[in-house]
Every structure is written in C-alpha cells, then in structure tokens.
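For the sequence shown, position 245 (counting from the first letter as 1) is numbered 245 according to the UniProt record's numbering, and the numbering increases by one without interruption.
We put the beta carbon where it would ideally sit given N, CA and C, even for glycine.
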Amino acid sequence: MKSPRAFFKPLAIGAPEPYRDLPVRLERMIHFVPPHNDKVRAKVGELAAKVDVVLGNLEDAVPADQKLNARRGFIEMAKTVDFGSTGLWTRINCLNSPWVLDDITEIVAEVGDKLDVIMLPKVEGPWDVHYLDQLLAQLEARHGVKKPILIHAILETAEGVKNVDQIAAASPRMHGMSLGPADLAASRGMKTTRVGGGHPDYAVLADAAGDAPRAAFQQDLWHYTVAKMVDACQSVGIKAFYGPFGDFSDAAACEAQFRNAFLMGCLGAWSLHPTQIDIAKRVFSPDPNEVAFAKKILDAMPDGTGAVMIDGKMQDDATWKQAKVIVDLAKLVAS
Ligand code: GLV
Ligand code: MG
C-alpha cells in the first residue's frame with residue numbers, strides 16, 4: 001500500500017502542496033527542552049548540534065503559570081537559533097486545554113516556516129488529528145507558510161490505543177506516533193508510579209524444580225502497545241517511536257527499553273536528560289556487525305530472490321528485505 005501522503009491534495013487555497021517530497025530524516029532522539037527556562041534556551045544552539053531533533057515542550061511538566069512564557073520562549077528560540085539540519089518540533093498543550101489554540105495560532109503565525117513537526121498529546125481518535133490538520137491548513141495558507149507542518153501523535157490513552165489504526169491513517173500530515181507510557185498507565189488504571197520502563201512485579205516465575213529457588217523473569221510492560229503502534233504506523237508508511245524513560249539514574253534499563261523498541265520497529269525515542277542522547281544514538285543506529293552481515297545477504301542475492309546459506313544460516317527473499325531495512329538505516333546514519 002502506498003503512503004496516504006502520495007494522494008494528498010491540500011484543501012485550503014494557498015496551502016503548501018507536496019507532503020510526498022519531504023526528506024527522510026534521521027530522528028533517533030527527540031530531545032525535550034523547557035522553553036520557559038532562560039538558561040536552557042541560551043544553550044539550545046549548542047545542543048542542536050548534538051541531537052537529531054529539538055522539541056520545545058509546552059505541555060506536561062510546564063507549570064500552568066509558565067505556559068505563556070514557554071510558548072514565547074519557543075518562538076524566540078525558533079527565531080534566533082540556527083538549527084541547521086536538526087529537526088525543530090514543539091509539543092503543544094492538549095486539545096481541550098485553555099492554551100492550545102494560542103499555542104497553534106501564535107506559533108504558526110510567527111515561526112511556521114521554521115517548524116517541522118507538531119507533537120499532539122492525548123490523541124484519542126482520528127477526529128483529533130482532523131481538527132489540527134484543518135487548522136494548520138488554514139494557518140499555513142493565511143501566513144504563507146511554504147513547508148507543510150507535520151503532525152506526530154502521542155499514543156497515551158486507552159481510547160487512543162483502541163483507535164490507533166485510524167489515528168495513523170488520519171491525515172497525510174501524519175509524521176508518526178510515540179508511546180506515552182506515563183499517561184497511558186494512568187488512563188488504563190495500571191498500578192504504577194513511573195514514566196516508562198518495566199516493573200519488578202510484572203514477571204513470570206520459572207517452573208519449580210525440586211527445592212531450588214524459582215527464578216522470576218521480568219516482562220516488558222509495553223510490548224503489546226509498541227507492537228500495535230508499529231503495525232499501525234508501518235502499514236501506512238509513517239514512523240513509530242518509544243516515548244520517555246523517566247528514571248535518569250538507570251541508564252541500563254533505559255537502554256534495554258529503547259533496544260526492545262528498536263528491534264520491534266521503532267526508529268527513535270524521547271531524550272529527557274542529556275545522558276539519554278547518547279543512549280538513543282547508540283541504540284537507534286544499527287550495530288556495525290549487524291550491518292556487515294546484512295550487506296553479505298544483499299551481496300549474495302543481488303536481485304533479492306532465491307535462497308543461500310551464509311555462516312550456516314538460510315537466507316531468502318524475506319531476509320533480504322530485513323537486511324535492506326538495516327542497510328538503508330545505516331546509510332541514513334552515515335549520510
Ligand atoms: C508522555 O507524555 C507520557 O505520558 O508518557
Ligand atoms: Mg503524556
């Protein structure tokens with residue numbers, strides 16, 4: 001199936017044309033910054049050189065009395081900092097909040113041409129994406145924005161997970177989707193107090209073997225949702241991302257959680273702390289040994305068909321396609 005982007009025709013007169021020609025970008029980490037913080041803002045230029053995406057966060061974690069400053073700070077940052085090839089995103093407030101309309105209208109009016117993606121929180125169904133889509137079409141046309149602004153949904157309510165396929169296909173503006181494990185845990189009534197990651201009580205016990213103590217194997221709390229999100233996204237040609245990992249002191253657990261998501265098809269995760277930038281860079285860039293093996297497969301089957309043995313393992317058309325995913329990503333990392 002072709003990406004729905006290929007069939008897009010803008011509705012608003014004067015709105016920007018082609019979504020299909022947007023470049024494929026490396027987005028291993030979406031790095032969150034609080035734009036109301038003057039010290040952070042002063043260093044954003046330096047930061048931009050180290051990350052794939054800088055996101056100015058206006059939603060949760062910004063206190064209500066700082067919402068206006070965060071929006072103004074983001075606009076100032078977008079006007080004054082040279083982001084080069086680094087993506088510039090913002091996470092706006094949710095659609096039923098008192099701040100969101102001004103977030104959208106002021107940001108598109110002032111810096112619409114600088115903005116790549118709007119992250120939309122708490123998306124419950126395609127109707128939320130349609131609302132933002134139409135509003136953006138009007139504002140892009142009114143302000144002469146030349147490059148279409150894309151939409152990235154956060155999957156963080158039980159209703160959203162139920163409607164994930166329709167959300168992914170809701171608009172040709174859809175860039176992708178991130179798992180929002182903290183809000184999703186609350187929405188589902190999970191008995192946790194964490195931002196992403198596992199839980200020591202979510203485990204299975206190994207079978208009893210005489211009197212030996214039984215090992216407990218911790219499970220991935222997010223496996224089901226990540227798998228569902230990846231299928232919804234890949235089936236319409238958009239990208240899936242793991243979201244935040246809140247325990248900054250546990251780099252190993254963060255890396256393991258990101259790696260599960262990478263292996264399952266995600267292309268990146270959020271970095272909320274500087275230490276998570278390198279973790280995401282490492283995890284979401286393919287391993288050189290894997291790349292070397294994948295290249296062997298491509299070389300052994302130049303037209304992508306047939307069956308060959310490499311290092312004792314059977315390869316065929318399907319492993320050729322897997323190898324191509326890894327080699328294509330390695331090329332993007334190297335470019
Ligand atoms: C992110 O927004 C989350 O709720 O995990
Ligand atoms: Mg959230």
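For residue 229, the enclosing alpha helix (DSSP H) covers residues 223-234. 50 is the residue among 50, 43, 171 whose C-alpha sits nearest the C-alpha of residue 28.
Residue 30 places its beta carbon 7 Å or farther from that of residue 58.
Residue 180 has its Cβ nearer than 6 Å to a heavy atom of ligand 2. If you ignore the 5 residues before and after residue 295, its C-beta comes within less than 8 Å of the C-beta of 323, 327, all in its own chain and listed in chain order.
Sequence-distant partners of residue 273 (beyond 5 residues in either direction) whose C-beta falls short of 8 Å from its own C-beta, in its chain, are 248. An exposed status is given to residue 46, since fewer than 16 other beta-carbon atoms sit within 10 Å of its beta-carbon. By a beta-carbon distance limit of 8 Å, residue 179 contacts residue 155. Their separation comes to about 6 Å.
Here the alpha carbons of residue 262 and residue 293 stand approximately 18 Å from one another. Exclusion of residue 124 from the 6 Å shell around ligand 1 follows from its C-beta lying no nearer than that to any non-hydrogen atom of the ligand. Straight-line measurement puts the Cα of residue 77 at about 12 Å from the Cα of residue 69. Taken through DSSP and simplified to helix, strand or coil, residue 205 comes out as strand. Looking from the CA of residue 230, the closest CA among 140, 177, 315 belongs to 177. Exclusion of the five residues before and after residue 114 leaves 78, 79, 83, 88 as the residues of its chain whose Cβ lies within less than 8 Å of its Cβ.
The shortest C-alpha to C-alpha distance from residue 162 to any of 141, 123, 145 is the one to 123. Assigned with DSSP and collapsed to three states, residue 57 falls in strand. Under the three-state reduction of DSSP, residue 152 is assigned to strand. Not one heavy atom of ligand 1 falls within 6 Å of the beta-carbon of residue 287.
For residue 183, the distance from the CB to the nearest heavy atom of ligand 2 is below 6 Å. Classified as buried, residue 91 has 16 or more neighbouring CB atoms from the shown chains inside 10 Å of its CB. Around residue 221, the same chain offers 198, 199, 202 as residues with beta carbons nearer than 7 Å, after the five sequence neighbours per side are excluded. Beta-bridge pairing by DSSP links residue 31 to 54, 271. The Cβ neighbour count for residue 257, taken over all protein chains shown within 10 Å, is at least 16; the residue is labelled buried.
Collapsing the DSSP output to three states places residue 89 in a strand. In this structure, the CA atom of residue 39 is about 23 Å from the CA atom of residue 93. Contact annotation: residue 112 and residue 145 have beta-carbon atoms nearer than 7 Å.
Between the alpha carbons of residue 105 and residue 139 lies a distance of about 7 Å. Pairing residue 286 with residue 332 gives a Cβ-Cβ distance that is not under 7 Å. Rounded to the nearest whole angstrom, the C-alpha separation of residue 228 and residue 174 is 17 Å.
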